[in-house]
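Residue numbers (our numbering): 12 to 386.
Pasting the structure below:
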């Protein structure tokens with residue numbers, strides 16, 4: 012089927028753009044956005060994806076403020092035309108590629124709405140590729156870039172409207188695509204990926220004055236890094252100043268160390284320390300102090316009803332809210348979280364996100380089973 016994108020010189024295969032190159036049922040293309048108040052008053056996030064071989068498109072918008080997290084979810088049959096980026100009242104509009112993206116959630120029965128524009132302040136920074144096999148089958152093969160910026164517009168919950176501005180509302184987004192496990196489980200014999208299930212992932216992009224630091228790592232049960240990256244990326248005052256293509260100012264770190272201080276009885280970080288060492292042996296010692304938390308369940312992660320890629324119907328929406336201090340932090344659904352953090356590096360004060368998701372044993376953290384808490 013020929014669609015609007017076939018009019019652009021973007022083809023990577025001999026097929027029309029609507030035909031995925033991968034036949035894997037878990038092929039996907041996904042947006043993620045986050046915006047937060049510099050003083051820790053709120054954090055909102057957006058998830059939006061298409062799973063063409065599952066014939067599903069879904070989207071989420073959620074905001075955490077004043078101790079409560081409010082969520083909007085939507086799902087539909089995936090459109091053939093990739094230019095159709097709307098699910099129910101939620102729409103993603105690429106205003107200027109790699110420079111400005113608009114997120115609109117029209118008034119709806121959940122009481123959550125927004126009209127927000129993300130403006131970039133860095134180049135889209137490519138992160139390490141994620142590849143994973145389960146025996147002979149490739150189950151994850153993804154590419155992702157991260158970009159920092161700021162937001163202008165508003166969001167509203169149950170009629171209470173909050174204006175946001177570029178000066179007061181930093182933003183982070185990523186765009187990823189490829190193949191990853193999503194949706195309803197497949198039938199057949201279970202995989203033998205590991206006899207000891209678990210994951211350890213820590214990720215932290217931080218705004219400083221004129222630059223940002225970006226860090227991410229996967230570790231095995233013993234604390235050995237299976238993937239790690241750390242960079243300094245220049246931040247520009249306006250999208251017009253961002254270089255086209257690669258930014259020559261990006262600096263890859265020679266080594267990195269991190270340590271999480273876990274809240275007793277949980278797997279929630281209550282502090283973090285990063286130590287980035289440049290190739291010139293400059294040491295950047297960074298401390299992170301969480302201010303407000305966002306549960307990733309709100310945008311589909313580990314959600315039993317609104318998980319990524321699940322078939323919900325032709326056009327369905329839903330909403331929910333919860334009190335952040337009332338949820339069980341050792342419930343598997345609530346392990347994955349983001350926290351807005353006040354950060355310090357010498358005399359500099361910054362702000363950024365800390366993402367943690369830790370299932371299973373992790374010896375450096377003192378975790379011994381699938382979901383025990385810190386001692």
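Yeah, the Cβ is synthetic: ideal placement off N, Cα and C, and Gly gets one too.
{"Check": "Establish whether the CB of residue 31 and some CB of chain D are separated by less than 8 Å.", "Outcome": "Considering every chain present, this structure includes no chain D. It has just one protein chain."}
{"Check": "Let's see if you can read the secondary structure: which residues bound the beta strand (DSSP E) around residue 306?", "Outcome": "294–306"}
{"Check": "Can you tell me which of 150, 128, 159, 130 puts its alpha carbon nearest to the alpha carbon of residue 137?", "Outcome": "159"}
{"Check": "Roughly how many angstroms lie between the CA atoms of residue 206 and residue 179, to the nearest whole one?", "Outcome": "47 Å"}
{"Check": "Compare the C-alpha of residue 257 against each of 135, 361, 287 and name the closest.", "Outcome": "135"}
{"Check": "What residue does the beta strand (DSSP E) around residue 92 start on, and which one ends it?", "Outcome": "Element bounds for residue 92: n/a, residue is neither H nor E."}
{"Check": "Report buried or exposed for residue 334, applying the criterion of at least 16 other Cβ atoms within 10 angstroms of its Cβ.", "Outcome": "exposed"}
{"Check": "By how many angstroms is the C-alpha of residue 170 removed from the C-alpha of residue 143?", "Outcome": "45 Å"}
{"Check": "Kindly indicate which three-state DSSP category residue 17 falls into: helix, strand or coil?", "Outcome": "helix"}
{"Check": "What's the call for residue 69, buried or exposed, on a 16-neighbour Cβ count within 10 Å?", "Outcome": "buried"}
{"Check": "When the Cα atoms are used, what is the spatial distance from residue 261 to residue 277?", "Outcome": "36 Å"}
{"Check": "Considering Cα atoms alone, identify which of 141, 164, 40 is closest to residue 67.", "Outcome": "40"}
{"Check": "For the candidate residues 203, 83, 101, whose alpha-carbon lies nearest to that of residue 150?", "Outcome": "203"}
{"Check": "Would you decide whether residue 129 is buried or exposed? Buried here means 16 or more other CB atoms lie within 10 Å of its CB.", "Outcome": "buried"}
{"Check": "With residue 356 as the anchor, note down where its beta strand (DSSP E) starts and where it stops.", "Outcome": "348–356"}
{"Check": "How about residue 29 and residue 12: do their beta carbons lie closer than 8 Å?", "Outcome": "yes"}
{"Check": "Express the C-alpha separation of residue 240 and residue 263 in angstroms, rounding to a whole number.", "Outcome": "8 Å"}
{"Check": "Do you know offhand how far residue 190's Cα is from residue 273's?", "Outcome": "32 Å"}
{"Check": "CB-CB under 7 Å to residue 302, same chain, minus the five flanking residues each way: which ones, in chain order?", "Outcome": "51, 351, 352, 353"}
{"Check": "In chain order, what residues of the same chain have a beta carbon less than 6 Å from the beta carbon of residue 105, not counting five sequence neighbours either side?", "Outcome": "112"}
{"Check": "Could you spell out the range, first to last residue, of the beta strand (DSSP E) harbouring residue 335?", "Outcome": "From DSSP, residue 335 is part of no beta strand (DSSP E); its letter is neither H nor E."}
{"Check": "Look at the alpha carbon of residue 328 and the alpha carbon of residue 337, and state the distance between them as a whole number of angstroms.", "Outcome": "25 Å"}
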